[in-house]
Amino acid sequence: MAEATSVEIDGEQVRITSPDRVVFPRQGWTKLDVVNHFRTVSEGCLRGVFGRPTMMKRYMKDVETDPIYHKRASKNTPFETAPLRFPSQRPGRMNVPRTRADILRLVQLGCLDLHPWPVRAEDLYSPDELRLDFDPTDGFSFADVKQAAMRSRDLLEEVGLVGWPKTSGSRGIHVYIRIKPHWDFYQTRRAVLAFGREMERRYPEVVTTKWWKEERRGVFIDYNQNAWDKTVSSAYGVRPTGFVSAPLTWDELPDVEIEDFPLDQFARRYETVGDLTDGIDEQAGGIEPLLEWVARDEADGIGDAPWPPNYPKMPGEPPRVQPSRMVKANWE
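Sequential numbering from 2 applies to the sequence shown in this note's numbering.
See the structure below:
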């Protein structure tokens, strides 16, 4: 087994250690196979993480071994870093990729899917991206996920926003929406929650925004993926399933399957269709209509929804207690 090799990109040489190590035991794919994938898609991959604080999810052995999550940059990090605070209010620094060579450096460190924040290092408090994360609950299929995602396109057009869909590489669909960085995390998260609730009103047989699993039935729009410090696997990452998180056109979305995009065949697709996220940065819109929906919901007595458990209690947030337990407590 080779101890190391070097891969050239944009005139830089990136050292890759243990290139023959098998990362996907079932398929036999090696670390160098993963590196070559990211070298092929590096332009599109960089577009999703450029200038963004990025969490490292590191597979130190293979995908059958639990990864290690690194939010904080190491002292000897090869990346640019950005200072910020986590939900605990503890300060830290996170890595910020800036070049295609940085993409390969992340892979060298064991990253298969990249997890950027929806902000740029130049303005850490103002998201420039909304993220719709569609996941099926029990009894619902990927076909239902696609149906929900397709219906989101019409609603996005109604409020003047442009959605960019991709497979999650696992069970769901992600739709990214670039926005102008004029609002804070609290506002953008509430905007996505209002969008999800409007979807739920119009398509109750398909969509749910219920936070508690005991109440969910349908395709869940995880609005909390837009909270401070939350991340979504970005475009062109490889999931532990061996499938790529593949950007799509809206026209092809109804007919795709997660399994259409395995790592070892993705270069052919990329060479054929190119980077389907090209142009996303030029489509930034405003969330004023969504904030009007937030105000409308508030006026109708529909306030905030629960935040993740590791976040401080937020103003106007309902109790973080499962409804069944709350009913039991009230009965007792």
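Note that the Cβ used here is the ideal one computed from N, Cα and C, for glycine as well. Note that the structure is predicted; figures quoted are calculated from it, not measured.
Asked                                                                                                             : Found
Contact set for Arg40: own chain, Cβ-Cβ below 7 Å, skip 5 residues either direction                               : Val8, Ile10, Leu105
Sequence-distant residues of the same chain with beta carbon closer than 6 Å to Leu162, five excluded per side    : Ile178, Gly286
The stretch 143–163 / the stretch 223–232 touching (three or more Cβ pairs under 8 Å)                             : no
Reference Gln109, options Arg94, His38, Arg191, Pro137, closest by Cα                                             : His38
C-alpha distance - Tyr312 paired with Thr6, whole-angstrom precision                                              : 43 Å
Cβ shell of Trp251 (< 7 Å), same chain only, five flanking positions each side left out                           : Arg154, Pro166
Three-state secondary structure assigned by DSSP to Leu1                                                          : For the chain, the structure presents residues 2 to 333; residue 1 sits outside this window and is missing.
Three-state secondary structure assigned by DSSP to Gln323                                                        : coil
Residue ranges of each beta strand (DSSP E) within the stretch 140–202, 3 or longer                               : 165–168, 174–179
Validate contact between the stretch 124–131 and the stretch 21–39 using beta carbons, cut 8 Å, 3 pairs           : no
Rounded straight-line distance, which links the Cα of Val295 to that of Ala74                                     : 36 Å
Nearest-angstrom beta carbon gap, Asn225 and Trp118 [assumed within contact, 8 Å]                                 : In fact, because the Cβ distance is near 14 Å, the residues do not count as touching under 8 Å.
Identity of the residue in Pro92, Val35, Thr100 nearest Glu13 by Cα                                               : Thr100
Exposure label - Arg86; buried when at least 16 CB within 10 Å                                                    : exposed
Span of the beta strand (DSSP E), counted from its first residue to its last, around Leu133                       : 130–137
Nearest to Pro316 (by Cα), restricted to the options Pro324, Arg326, Gln323, Asp305                               : Asp305
Alpha-carbon to alpha-carbon, Gly52 and Met61                                                                     : 25 Å
Contacting residues, own chain, Cβ-Cβ under 8 Å from Met151 (five flanking each side not counted)                 : Trp251, Leu254, Pro255
CA nearest to the CA of Pro84, picked from Thr66, Ala122, Cys112                                                  : Ala122
Pairwise C-alpha distance: Ile17 and Ala192                                                                       : 42 Å
Asp63, DSSP secondary structure in three states                                                                   : coil
Per-residue burial, Thr209 [other beta carbons within 10 Å of its own, 16 or more giving buried]                  : buried
The stretch 276–284 contacting the stretch 196–203, beta-carbon criterion three pairs below 8 Å                   : no
Exposure label - Trp332; buried when at least 16 CB within 10 Å                                                   : Reliability of the predicted coordinates at Trp332 is poor, the pLDDT of 46 falling under 50, and no value is obtained from them.
Exposure label - Val97; buried when at least 16 CB within 10 Å                                                    : buried
Close-in-space but distant-in-sequence residues of the same chain around Arg94 (CB under 7 Å, 5 per side omitted) : Arg73, Ala74, Thr82, Ala83, Pro84
Beta-ladder partner(s) of Tyr70, from DSSP                                                                        : Lys58
Exposed unless 16 or more other CB atoms sit within 10 angstroms - verdict on Arg240                              : buried
Rounded distance between the beta-carbons of Leu115 and Ser235, thought under 8 Å                                 : 5 Å
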